[in-house]
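Residue numbers (the working numbering), protein chains in the order written: chain W, 1 to 414; chain P, 1 to 414.
Protein chains: 2
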Amino acid sequence: MTSIIITIGDELLIGQIINTNQAWIGEHLNLINIRVARMLTVGDDMHAILGAFTEAWSRTDVVIVTGGLGPTHDDITRKAVCTFFGTEMAPHPEVRKQIESFLEQRGRPWNAAAEEQSFCPKSAEIFPNPVGTAAGLRFVRDGRYLFVMPGVPYEMKEMMTQSVIPFLAPRAGGQVIRRRTLKTSGVPESVLAERLGNIEEILQGASLAFLPSASGVRMRITVHAPTAGAADAEVARIEGRIRAKAGKSIFGVDDEELEQVVGRLLKERHLTIAVAESCTGGSIAARITSVSGSSDYFDRGVVTYSDASKTQLLGVHEEMISAHGAVSEPVARAMAEGIRRTAGTSIGISTTGIAGPTGGSAEKPVGLVYVGYADGKESFALKFRFGEGRNRVVERATSAALELVRRKLLKLDE
Amino acid sequence: MTSIIITIGDELLIGQIINTNQAWIGEHLNLINIRVARMLTVGDDMHAILGAFTEAWSRTDVVIVTGGLGPTHDDITRKAVCTFFGTEMAPHPEVRKQIESFLEQRGRPWNAAAEEQSFCPKSAEIFPNPVGTAAGLRFVRDGRYLFVMPGVPYEMKEMMTQSVIPFLAPRAGGQVIRRRTLKTSGVPESVLAERLGNIEEILQGASLAFLPSASGVRMRITVHAPTAGAADAEVARIEGRIRAKAGKSIFGVDDEELEQVVGRLLKERHLTIAVAESCTGGSIAARITSVSGSSDYFDRGVVTYSDASKTQLLGVHEEMISAHGAVSEPVARAMAEGIRRTAGTSIGISTTGIAGPTGGSAEKPVGLVYVGYADGKESFALKFRFGEGRNRVVERATSAALELVRRKLLKLDE
């Protein structure tokens, strides 16, 4: 099966928005063995949209369309599919009900936009939008399929995951593709590659991609095989070989995030944690609490930007701050000890550093960060140099703090 | 003048890489008044590439092609342009010299890849790649233009900026395009549209797009005019009309973020702020401190996940929590008062709510959030219903808290 992805929106053509939808859709179609033959973007223009539909429909099995389903005047995709399939808009009671319940749950009133979105092309099959008001449309003709979804990424993703992929997967058949991503944090790509050694010998025809970002390097294995069983076995074999060489650096797989792994380890061990942040400004707390159920192990965080707050909330002595500076190893350690003591948790972690772009000096340059750690047995702080870029420094420091906790919990450095 | 952007690469079709090139090129063509009619992505496949060239060349003035110029086996774009324009590859002494000097400067030896890249299509005009080895190709036929550049973003950007844009700008002539984005937070798209009323009457031929996200709705004005002066005046006229009807909801323009606006307002007024977060888990502090220089007005934040921490750090009475629950109007207010008092800041803000997906009940459903506010004169809490999706609830609550501070600082609700 082949597919063409059509994304609609003037904002894409003028470059105001980077088209993340088409990459996401491409990736997910690929995983169910539907090859993407092309991706096409056109503006909010009837002639251009109809041209794109005509071209795509004549040359592929599956057409995925996103964008232009909203209630405002520039959203004309529904009119375009009506024209293309020779049908017309009609009130759709089921969609109306979905929108009503969606608005009701949010305490929002019925309005003209909702009224308009409750109309759908007569000959379309409808699939629900669990997180928005624009319903999905599916047209089936002679074993070919055209899907229409909104362009809002999180709405599109929910609809792809809940409706489009489950509909298409059994119809796609053929070879099986499996992917698995092994995630690391705090180890450069070159060091990982060195640890793995002769990678072709490990892969034996499969492929491995190194995907670096500020929070760490992901290693993605891709395997093609005639059956699901063979593909899974091959992925397991390769993962085993990689783990034998770089297992300590791998914190999780696929969609697992470092904060989820740390959360699970804390929960399993019945431990609790509290955080004292300076340069990371709340990012560590935000990442820990992004995990549902984190209230089981996360007690509190403090963001002590002022020196006074470090003293008042964490008991860091003023003399220590004036002797060593707020960005220093002793202050990082005292912050970790202080938050652990005041919160009464098993573990305390802390950060203090210079996120930049201002505030750096020759002695303490932008990117210098200390990450502090305290538990019942020990306390210390590690020194890092995270380079430039305020957001990047914060992201790297946040990941370093979480990775430090993971390594301590698993006793990886002992 | 119109253009079509063709991006080539299997890695784009399988979603391994998000296509940032096409957005960047689209934006920069637009600013010299070249309208992008469509964007097309195809794989590293001769048939697909030739098909894309044929389609694009027959219907537009300018075709921009990126990708598939590298030295590896799957990069076949140069062969495709040879076939398309009926020419052949030949050694190109000037390109050879550029590559030699590029490698020499970096202390890298001449190799097979360099040798291959020193060949170019005979009938192409060449433009330099100042940061890589793959030269740019330009074909001119009957007043139409086709450009070929590598897909590596920083190479493409240098070549666009130094060669393609300067070549096209004087040929594009004609109209000037101006854009302006008015950003709002906390007002649904449909309500904004209603407030604006008859939008066509305001626009008089210009265009307005509503771009919603979890943090708010952006309204983007686009104006075409014969001169820069006329375009600027038209943008100003439309912005004035929109502000007259929805000015209070507009927190900033273009790249301005809500946290920057709030930061600037606090700084101008010599005010300070502290934050007490429960359900937002540190996100408000993280957004405030993402602004360089925020230490001037941000004193501290606390993330009080446990009831004990609300009592200990904020002085919220245990009895109040047990009487009303941690997610309640009185607790939100007491948290805002508490953080303001202990931090000694001008303003305190707070959040308490149910981010989900667990923890909701009929009475207090997922998405229920109270945002608390306290200053020297008053304290109160507002109730919100943010729907579902943990990250989305946090993002919306964070934006709502910042927007509340903005409105209070500007006395918009009085």
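Each residue gets a CB set at the ideal place from its N, CA and C atoms; glycine is no exception.
Keep in mind that this is a model prediction, so the values were computed, not measured.
{"Query": "Under a Cβ-count criterion, where at least 16 other Cβ atoms within 10 Å of its own Cβ denotes burial, should S163 (chain W) be classed as buried or exposed?", "Result": "buried"}
{"Query": "Quick one: which chain A residues come within Cβ less than 8 Å of G205 (chain P)?", "Result": "The structure shown contains no chain A; the protein chains it does contain are W and P."}
{"Query": "For A80 (chain P), write down the residues that DSSP places opposite it in a beta bridge.", "Result": "Looking at the DSSP assignment, A80 (chain P) forms no beta bridge with any residue, so it has no partner."}
{"Query": "Check whether the region 153 to 168 of chain P touches the region 22 to 39 of chain P, taking contact to mean three or more Cβ pairs, one atom from each stretch, closer than 8 Å.", "Result": "yes"}
{"Query": "Can you list, in chain order, the residues of its chain with a C-beta nearer than 7 Å to that of Q98 (chain P)? Leave out the 5 residues immediately preceding and following it.", "Result": "P128 and A135"}
{"Query": "With distance defined between alpha-carbon atoms, name the residue in W:G67, W:I284 and W:C120 nearest to V152 (chain W).", "Result": "W:G67"}
{"Query": "When the distance is taken between beta carbons, is A276 (chain W) closer than 8 Å to S309 (chain P)?", "Result": "no"}
{"Query": "Give the interface partners of Y305 (chain P) over in chain W, defined as CB-CB distance under 7 Å, in chain order.", "Result": "T289, S295, F298, D299 and R300"}
{"Query": "Measuring alpha carbon to alpha carbon, tell me which of P:R106, P:G107, P:R141 and P:M149 ends up nearest C120 (chain P).", "Result": "P:M149"}
{"Query": "What does E234 (chain P) touch in chain W if you count any residue whose Cβ is under 8 Å from its own?", "Result": "Near E234 (chain P) there are no residues of chain W at all, since even the closest Cβ is about 17 Å away, more than 8 Å."}
{"Query": "According to the Cβ coordinates, are L258 (chain P) and V36 (chain W) closer than 8 Å?", "Result": "no"}
{"Query": "Which runs of the beta strand (DSSP E), 3 residues or longer, sit entirely within the region 96 to 143 of chain P?", "Result": "119 to 121, 125 to 127 and 136 to 141"}
{"Query": "Which class does V235 (chain P) belong to by DSSP, given the choice of helix, strand or coil?", "Result": "helix"}
{"Query": "Which one of P:A285, P:R341, P:N21 and P:A246 has the shortest CA to CA distance from E395 (chain P)?", "Result": "P:A285"}
{"Query": "Terminal residues of the continuous beta strand (DSSP E) containing I226 (chain W)?", "Result": "It is Pro, not Ile, that sits at residue 226 (chain W) in the sequence shown. First-last for P226 (chain W): undefined, no H or E at that position."}
{"Query": "Please classify A362 (chain P): is it buried, with 16 or more other beta-carbons within 10 angstroms of its beta-carbon, or exposed?", "Result": "exposed"}
{"Query": "Expressed to the nearest angstrom, what Euclidean distance is found between the alpha-carbon atoms of E329 (chain P) and G389 (chain W)?", "Result": "39 Å"}
{"Query": "Based on DSSP bridge pairs, tell me the residues matched to G353 (chain P).", "Result": "P:V369"}
{"Query": "Within the same chain, show all residues whose beta-carbon is closer than 6 Å to that of V191 (chain P), passing over the 5 residues directly before and after it, in chain order.", "Result": "none"}
{"Query": "Determine, for Q16 (chain W), whether the minimum Cβ-Cβ distance to residues of chain P falls below 8 Å.", "Result": "yes"}
{"Query": "From the DSSP secondary-structure annotation, give me the bridge partner or partners of V65 (chain W).", "Result": "W:I6 and W:V148"}
{"Query": "What separation, rounded to the nearest whole angstrom, lies between the Cα atoms of N198 (chain W) and G186 (chain W)?", "Result": "22 Å"}
{"Query": "Is A112 (chain W) buried or exposed, if buried means 16 or more other CB atoms sit within 10 Å of its CB?", "Result": "exposed"}
{"Query": "Does F167 (chain W) come out as helix, strand or coil in the three-state DSSP assignment?", "Result": "helix"}
{"Query": "Apart from the five residues just before and just after L196 (chain P), which ones in its own chain have a Cβ nearer than 7 Å to its Cβ?", "Result": "I202, I242, K245 and A246"}
{"Query": "Since L404 (chain P) contacts I349 (chain P) with CB under 8 Å, what's their CB separation in whole angstroms?", "Result": "7 Å"}
{"Query": "Check the Cβ of P357 (chain P) against every Cβ in chain W and list those closer than 8 Å, keeping chain order.", "Result": "S292"}
{"Query": "Quick check: what's the CA-CA separation for M156 (chain W) versus V393 (chain P)?", "Result": "18 Å"}
{"Query": "Hey, how far is the Cα of A79 (chain P) from the Cα of E116 (chain P)?", "Result": "Position check: residue 79 (chain P) holds Lys in this sequence, whereas Ala was assumed. Taking the straight line joining both Cα atoms gives about 12 Å."}
{"Query": "If you compare alpha carbons, which of P:S290, P:D232, P:A172 and P:R237 is closest to E256 (chain P)?", "Result": "P:S290"}
{"Query": "Along chain W, which residues have their Cβ under 9 Å away from the Cβ of L40 (chain P)?", "Result": "R38, M39, L40 and T41"}
{"Query": "So, is the C-beta of D10 (chain W) closer than 8 Å to a C-beta in chain P?", "Result": "yes"}
{"Query": "Taking the alpha carbon of A206 (chain P) as the reference point, which residue from P:Q22, P:I221, P:S215 and P:E194 has its own alpha carbon closest?", "Result": "P:I221"}
{"Query": "Would you grab the beta carbon distance between K122 (chain P) and A90 (chain P) for me? Rounded to a whole angstrom, and I think it's under 8 Å.", "Result": "5 Å"}
{"Query": "May I ask you to list the residues that DSSP assigns as paired with V261 (chain W)?", "Result": "Beta-bridge pairing links V261 (chain W) to no other residue."}
{"Query": "Quick one: does G26 (chain P) have its CB under 8 Å from some CB of chain W?", "Result": "yes"}
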